[in-house]
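In the numbering used here, the protein residues as written are 4 to 510.
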């Protein structure tokens, strides 16, 4: 069962009268389209308490595994290979690939506990339902991708669908075809406990004995199916049960096209198998089974070319009438459903420092449905109650969700609730890589503008040019807002220009 953590007895303060000394250091690794964050807290005895959140990079990034190897080596150097808590936010390759591609480096780590969302719990019935959707959707998208890869003369739209599928499947597979599930499971096996600790929203905040000044609130992933389904608008949902109609339709369409068995039955087809003539046969001259109708001639006249006696204003090549590969265009919708659905399963954590009331927010890749599900969450805290709006209002540091994409952080019930004058932010993103894989605006200009305004310029991006310089400095001065100090290190020149990590001391 998912853990509903025990409450602490000290009440949360609503504001910080005086900013305390640095309470946590966050080292963000700068692989771009990928997340890896090392949080270092100070225990009562002054020793470090290490929490690692994710470790991965998107499969499209050239030299990605080598860069992640450098990252894991740096984590080992910094921590001595001892991690108190490993957080795996969700099952996407750019968040978990390192646990598989750098497993030889991770194998000697000592990880006391692994935290995951309830959606990763194999014993949870609703998680199993989500798994069924993911499995069927991935299989259907793989089939469409392989078929489109082998086709010539695709329309510009279908070529775009093909490229989009490759991008989305990059969140599910490694370069050698490794499944993201294998990477997630490799992370789970690092725990010294028999299994990960699974979390869901609700119940008292999490307390850690070694960190008595810290409370951790679990905001997501939501239990509400409507919230998990929610994409950009409430009307856009992905069906959970049975893998969804898009996945089943695609799978059956692929099967009927590839079936060597003449008796194969498409259960979704409105016609019996013996009704109709295959297009390929008609184009090759098959007249069909009805002697009164020459199906081949009809198809060649209306769906092929050249037409020998074209009417005025009629194109002699009528092949444009055929749907050919266009029926696979629904794969684009299914791919978006899969991608956004998995992002909405992100484990979302808010870290509150009890003495100051200040909050750090790490939302994984949470998209709109996950964010909107927080509005009714409340937690007992001492003699009072804490709301999600209260936590957002006291947030002084934000790890921006989903690489700063347009649909990852809502304007309402999101940005509008982040009202602290000390707010600062980090975006794990790389604009050049995003353009290369046809993601458009990532990070989204509207989000960048809002962040710059909210933070008074205290925004660090993983692709900031100054990170490539060992003496580089951000445009803002430190200390400022929640950031007391900034340090960084460039990556190995063999990995190309850029930073390896940027580190902030937070207050």
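All C-beta atoms, glycine included, are put in the ideal place defined by N, C-alpha and C.
Exercise for the section: Verify whether the separation of the beta carbon atoms of residue 201 and residue 123 is less than 8 Å. Expected result: yes
Exercise for the section: Grab me the residues of residue 356's own chain with a C-beta within less than 7 Å of its C-beta, minus the 5 sequence neighbours each way, in chain order. Expected result: 26, 216, 217
Handout entry: Beta-carbon proximity check, residue 436 vs residue 35, cutoff 8 Å
Key = yes
Exercise for the section: Say whether the segment 71 to 79 touches the segment 388 to 407, bearing in mind that this needs 3 or more beta-carbon pairs closer than 8 Å, one atom from each stretch. Expected result: no
Handout entry: Inter-stretch contact (C-beta, 8 Å, three-pair minimum) for the segment 123 to 135 and the segment 149 to 165
Key = no
Practice task
Spell out a yes or no on whether the segment 102 to 111 and the segment 185 to 193 are touching, meaning 3 or more CB-CB pairs, one atom from each, closer than 8 Å.
Solution key: yes
Exercise for the section: For residue 461, name the three-state secondary structure that DSSP assigns. Expected result: coil
Problem - Presumed contact (8 Å Cβ cut-off) between residue 95 and residue 345, rounded CB distance - result: 6 Å
Practice task
With DSSP collapsed to three states, give me the class of residue 3.
Solution key: The structure shown does not extend to residue 3, since the chain spans only 4 to 510, so no value can be given for it.
Handout entry: Simplified DSSP state of residue 116, which is helix, strand or coil
Key = strand
Handout entry: residue 78 (DSSP reduced to helix, strand or coil)
Key = helix
Exercise for the section: To the nearest angstrom, report how far apart residue 164 and residue 378 are at their CA atoms. Expected result: 35 Å
Problem - Contained beta strand (DSSP E) runs [length at least 3] in the segment 371 to 428, N- to C-terminal order - result: 381 to 384, 387 to 390, 398 to 402
Exercise for the section: Going by DSSP, name the residue or residues bridged to residue 479. Expected result: Note: residue 479 sits in no beta bridge, so no partner.
Exercise for the section: Using alpha carbons as the reference points, say which of 363, 387, 451 lies closest to residue 423. Expected result: 363
Practice task
Could you say which of 57, 168, 62, 29 lies nearest to residue 118 if we only look at CA atoms?
Solution key: 57
Exercise for the section: Tell me whether the beta-carbon of residue 1 lies closer than 8 Å to the beta-carbon of residue 350. Expected result: Examination of residue 1 is not possible in this model, given that the chain is present from 4 through 510 alone.
Exercise for the section: Look at the alpha carbon of residue 488 and the alpha carbon of residue 465, and state the distance between them as a whole number of angstroms. Expected result: 17 Å
Exercise for the section: Indicate whether residue 222 and residue 348 have their beta-carbon atoms separated by less than 8 Å. Expected result: no
Handout entry: Secondary structure of residue 110, DSSP reduced to three states
Key = coil
Practice task
Determine the direct distance from the alpha carbon of residue 467 to that of residue 501, and round the result to whole angstroms.
Solution key: 8 Å
Exercise for the section: Report buried or exposed for residue 209, applying the criterion of at least 16 other Cβ atoms within 10 angstroms of its Cβ. Expected result: buried
Exercise for the section: Alpha carbon to alpha carbon, how far is residue 372 from residue 229? Give it in angstroms, no decimals. Expected result: 8 Å
Exercise for the section: Just the C-alpha distance for residue 287 and residue 294, rounded to the nearest angstrom, thanks. Expected result: 17 Å
Handout entry: Cβ neighbours of residue 370 in the same chain (closer than 6 Å, five flanking residues each side left out)
Key = 343, 346, 347, 410, 411
Handout entry: residue 99 - containing alpha helix (DSSP H), residue span
Key = 96 to 99
Handout entry: Whole-angstrom C-beta distance between residue 454 and residue 428, which should lie under 8 Å
Key = 5 Å
Problem - Selection from 461, 499, 442 that minimises the alpha carbon distance to residue 166 - result: 442
Practice task
For residue 456, count neighbouring Cβ atoms within 10 angstroms of its own Cβ and tell me buried if that reaches 16, exposed if not.
Solution key: exposed
Handout entry: Beta-carbon proximity list for residue 237, same chain, < 6 Å, skipping 5 on both sides
Key = At residue 237, the pLDDT of 34 sits below 50, so the modelled position is not reliable and the matter cannot be decided from this model.
Handout entry: Beta bridge counterpart(s) of residue 221 as assigned by DSSP
Key = 352
Problem - Continuous beta strand (DSSP E) stretch holding residue 60: start and end - result: Neither: residue 60 is in no beta strand (DSSP E) and is coded neither H nor E.
Exercise for the section: Pull up the DSSP beta-bridge partners for residue 473, would you. Expected result: DSSP output for residue 473 lists no bridge partner at all.
Handout entry: Supposed contact pair residue 32 and residue 469 - C-beta distance, whole angstroms, cut 8 Å
Key = Contact doesn't hold; Cβ gap of about 16 Å is too wide.
Handout entry: Cβ neighbours of residue 416 in the same chain (closer than 8 Å, five flanking residues each side left out)
Key = 374, 375, 377, 378
Handout entry: Bridge partner(s) assigned by DSSP for residue 488
Key = 508
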